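**Q** Residue numbers (this note's numbering): 1 to 184.
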C-alpha cells in the first residue's frame, strides 16, 4: 500500500510517502509556526517528485486531524481531501496524539503509552494507548497537575499489594500494649 501522509497540526509542515512493502520513499518537514497554507502544496509536490509517484498511484491519503492549531488543521485536512477527490482515492484522518504514540507502541506494545501535547494555559491534550494501539483513555484536555497525577497512578503496580504507609523514618506512634485485643 502506498500512502501520502500530511501533518500540519502543530509547529511543522510535513509530508511523506510510505510504501508498506519498502518503507518511506520520501519525506520532508519544515519547522514553522505560521505559513502552513503557503508551504503545504509545494512541500507535497517535492515529496511526490522525490518518491517518483503520481497521486493516482497512491492507495490512500492520511492526515492528522488534531489536536493542533485551528488553521494548521484545516490546511492539512483541506489538502488531503482535495488530493483524495482529484485522485479518486480515500482520505483518512489520524489523531495527532496517535501519531505521537505510534512509534512507541510499535517498539513495545506490552506497555501503555501516554501521548501529551501542550494545550497552553497549564493544560495538556492527552490520550492513553494500550497494547496494539487500542485507546485506554480517550483524547481529553487536562491540567498539567492532573495529568501528572494520572500518569503516576497508571505507572503504579497493578493492585497486587494494597496501599500501606510509606515510612521513611520510624513512626512516632507506638502500638497500644495494655488495651490490645487478642487476634483470632
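Cβ coordinates follow ideal geometry from the N, Cα and C atoms, glycine included. The structure displayed is predicted, hence computed values, not measured ones.
To which residues of the same chain is residue 84 closer than 7 Å at the C-beta, ignoring the five residues directly before and after it?
**A** Stepping through the chain shown from its first residue, residue 84 is reached at position 84. Result list for residue 84: 61, 90 and 91, in chain order.
**Q** Just to confirm my understanding: we take residue 151, look at its own chain, exclude 5 residues before and 5 after, and list those with CB closer than 8 Å. What are they?
**A** The residue labelled residue 151 in the question sits at position 151 within the chain shown. If we look at residue 151 and ignore the five residues flanking it on each side, its Cβ neighbours are 114.
**Q** The beta strand (DSSP E) spanning residue 70 covers which residue range?
**A** The residue you call residue 70 lines up with position 70 of the chain shown. Taken as a continuous stretch (DSSP letters only), residue 70 belongs to no beta strand (DSSP E), being part of the alpha helix (DSSP H) at 70-87.
**Q** CA-CA distance, residue 44 and residue 7?
**A** As a first step, residue 44 must be located in the chain shown, where it is residue number 44. As a first step, residue 7 must be located in the chain shown, where it is residue number 7. In a straight line, the C-alpha of residue 44 is about 11 Å away from that of residue 7.
**Q** Starting from the N-terminal side, write out each stretch of the alpha helix (DSSP H) that is 4 residues or longer and does not extend beyond the segment 28-54.
**A** 36-51
**Q** Looking at C-alpha atoms only, which residue of 128, 50 and 55 is the closest neighbour of residue 147?
**A** Numbered from its first residue, the chain shown carries residue 147 at position 147. Comparing Cα positions, the closest option is 128.
**Q** Kindly indicate which three-state DSSP category residue 131 falls into: helix, strand or coil?
**A** One-based indexing of the chain shown puts residue 131 at position 131. Residue 131: helix per DSSP, three-state reduction.
**Q** Below 6 Å CB to CB, which residues in the same chain sit around residue 77 once its five sequence neighbours on both sides are set aside?
**A** Sequence index remark: in the chain shown, residue 77 carries index 77 (1-based). Excluding residues within five positions, the ones whose Cβ falls inside 6 Å are 63.
**Q** What does the alpha-carbon distance come out to for the pair residue 38 and residue 82?
**A** On the chain shown, position 38 is the one that residue 38 refers to. On the chain shown, position 82 is the one that residue 82 refers to. Taking the straight line joining both Cα atoms gives about 15 Å.
**Q** The beta strand (DSSP E) that contains residue 18, what's its start and end?
**A** Counting from 1 along the chain shown, the entry for residue 18 is found at position 18. Counting along the chain, the beta strand (DSSP E) containing residue 18 begins and ends at 12-19.
**Q** If I measure Cβ to Cβ from residue 88 and keep anything under 8 Å in the same chain, skipping five residues before and after, which residues do I get?
**A** Walking along the chain shown from the start, residue 88 turns up at place 88. Cβ contact annotation for residue 88 (same chain, cutoff 8 Å, sequence separation greater than five): 56, in chain order.
**Q** With a Cβ-Cβ cutoff of 9 Å, do residue 102 and residue 4 count as a contact?
**A** On the chain shown, residue 102 is found 102 positions in, with the first residue counted as 1. On the chain shown, residue 4 is found 4 positions in, with the first residue counted as 1. Cβ atoms of residue 102 and residue 4: not closer than 9 Å.
**Q** Please go through the same chain and pick out, in chain order, the residues whose beta-carbon is closer than 7 Å to the beta-carbon of residue 19, but skip the five residues on each side of it.
**A** In the chain shown, the residue the question calls residue 19 occupies position 19. Correct list, in chain order: 2 and 25.
**Q** Where residue 140 and residue 183 are concerned, what is the direct C-alpha to C-alpha distance, given to the nearest angstrom?
**A** Stepping through the chain shown from its first residue, residue 140 is reached at position 140. Stepping through the chain shown from its first residue, residue 183 is reached at position 183. Cα-Cα distance, rounded: 49 Å.
**Q** If contacts are defined as beta-carbon pairs under 8 Å, then residue 142 and residue 124 qualify, I think. What distance do you get, rounded to the angstrom?
**A** Walking along the chain shown from the start, residue 142 turns up at place 142. Walking along the chain shown from the start, residue 124 turns up at place 124. Contact between residue 142 and residue 124 is confirmed by a C-beta separation of about 6 Å, below the 8 Å threshold.
**Q** Quick check on residue 99: does DSSP put it in helix, strand or coil?
**A** For this step, residue 99 is matched to residue 99 along the chain shown. DSSP places residue 99 in helix when its eight states are reduced to three.
**Q** Identify which residue in 96, 93, 100 and 70 has its Cα closest to the Cα of residue 35.
**A** Residue mapping note: residue 35 aligns to position 35 of the chain shown, counting from 1. Residue 35 has its Cα closest to that of 70, out of 96, 93, 100 and 70.
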